[in-house]
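Under mature numbering (1 follows the signal peptide of the UniProt record, and there is no 0), residues -20 to -1, 1 to 218 are what the sequence shown spells out, in order. Each residue gets a CB set at the ideal place from its N, CA and C atoms; glycine is no exception. Since the structure comes first, as structure tokens, the remarks are kept for the end.
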Amino acid sequence: MITALLLLLFALSHSSPCGAWNANLAALNVIKRDEFVKRAIISATTATAAPAIAADSGSVDRVCGNNILPEQTIPGAYYVECFDQTTRNVDLDDGQTIVIGQGSTSAGLGGRTGVGLWNSSILLTRLLTSLCAGGKPLIPTKLNSDINVIELGCGVGLPSLALSKYVNAVVATDGNAEVLQLTKQNVQNNKASNVDVDSLKWGEMVDDSYDGRFDLAIGSDLTYNSASWPLLADTLKV
């Protein structure tokens, strides 16, 4: 089990009943638990995505990049046009460019949603890096440079990679072996020496070394499947 978490952030992307994405607004819910958080430093809010999608739709790199594009429904899953790219260069406002490798989606997305870069991951990354670049603490009791972070359901690892510039260490976790291989390659390609990648399936026994190890847990798109909620809660002991 993972304990001693001070703040848990969720970026929820599939916010409408049909799963369509509003390119201008994205709800970022900050979930606070009294047993973990004594002073709230971030309140529940709605963040403006300001995607500034390139006018030249023929320029795939410009359109994909770090932009928020509509999510389409396909049988059994959702889909974003940029999933067809094997690599996305994500330029962030703090000056970082994160190179993200994605898995092929030609075989469909059933059980493989983590191989692509989703809107919510980009939005969470924007929020975290804007706070850090602005000199604001992620938690009230420590300097950002001393914080240890765990990302749950990391997918291709964008938030972990971007946040690693500001914190002591990050552990990016997921329960899908294919996703973990992609994330490990992304960590290597971005030379993020303080990011570890680990397998973590919600609800299963967690190594004792996780207890009390992390100050901050982050995650994006973790709650779109209600069947996984009890497993997530069990993993976090909330």
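Run of the alpha helix (DSSP H) containing residue i, from where it starts to where it stops
i      : result
Thr215 : 209 to 216
Leu180 : Looking at the DSSP string, Leu180 is not in any alpha helix (DSSP H), and its letter there is neither H nor E.
Asn124 : Note, Asn124: premise wrong, no alpha helix (DSSP H); not H, not E.
Leu104 : 99 to 113
Residues that DSSP places opposite residue i in a beta bridge
i      : result
Ile78  : Val70
Ile130 : Val151, Ala197
Opening and closing residue of the beta strand (DSSP E) in which residue i lies
i      : result
Ile198 : 196 to 200
With 16 other Cβ atoms within 10 Å as the buried cut-off, status of residue i
i      : result
Ala35  : Summary for Ala35: the model assigns pLDDT 35, below 50, so the residue's position carries little reliability; its value from the coordinates is reported in the next sentence. Exposed, since its Cβ has fewer than 16 Cβ neighbours within 10 Å.
Asp187 : exposed
Asp73  : exposed
Glu131 : buried
Gln82  : buried
Thr25  : Caution applies to Thr25, whose pLDDT of 29 falls short of 50 and renders its modelled position unreliable; the model cannot decide the point.
Ser144 : buried
Glu15  : Below a pLDDT of 50, predicted positions are generally treated as unreliable, and Glu15, at 33, falls in that range; the measurement from the model is reported next regardless. Exposed is the call here.
Thr67  : exposed
Trp182 : buried
Asp154 : buried
Sub-9 Å separation of residue i and residue j beta-carbons
i      : j      : result
Asp176 : Ala152 : yes
Val150 : Val129 : yes
Gly133 : Leu196 : no
Thr93  : Pro139 : no
Ala46  : Val70  : The residue you asked about is not Ala; residue 46 is Asn in the sequence shown. For Asn46 and Val70, yes; Cβs fall inside 9 Å.
Val147 : Asn124 : yes
Val79  : Asn156 : no
Leu118 : Leu108 : yes
Leu216 : Ala172 : no
Leu162 : Val95  : yes
Leu103 : Ser200 : yes
is_contact[residue i, chain D] using C-beta, thresh 9 Å
i      : result
Asp154 : No chain D appears in this structure, which consists of one protein chain only.
As an exercise, report each continuous alpha helix (DSSP H) stretch of at least 4 residues that is fully enclosed by the stretch 143 to 192, in chain order. Runs of the alpha helix (DSSP H) lying entirely within the stretch 143 to 192 and spanning at least 4 residues, in chain order: 157 to 169.
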